[in-house]
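Let me begin by presenting the structure, written as structure tokens, before commenting on it.
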Amino acid sequence: MSLEELSRRCHLNKYTLIRYFTKYFGVTPYQYLQTIRIKEAKELLSNGKELLSISLKVGFSDQSHFTRVFKSLIGITPKQYQGIFKQ
């Protein structure tokens, strides 16, 4: 669901929704979504799934964007994270 659709369903302006969401959760809707995606990706990585399929499954348009976001939130690349579970 897009932010625009969510704001219509809540009968709020998009920017008002972002402000309320950020005040309540402490992060923007986009940051929250990224966190949820990376949490799901970590689970899939621990099960040995392929990086490209994981990145697409959790909602990233390409593997490089997935890798950048993953590293910025977790501190290591998805491949390094996956390697932890192969040992």
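Numbering (full-length UniProt numbering), first residue to last: 1 to 87. Glycine included, each C-beta is placed from N, C-alpha and C at the ideal position. Please read all numbers here as calculations on a predicted model, not as lab measurements.
Handout entry: Residue ranges of each alpha helix (DSSP H) within the stretch 16–78, 4 or longer
Key = 29–46, 51–57, 63–74
Nearest neighbour of R37, chosen from P78, T22, F60, S53 [CA to CA]
F60
Can at least three beta-carbon pairs, one atom from the stretch 44–59 and one from the stretch 10–22, be found at a separation below 8 Å?
-> no
Quick one: what does DSSP say L6 is sitting in, helix, strand or coil?
helix
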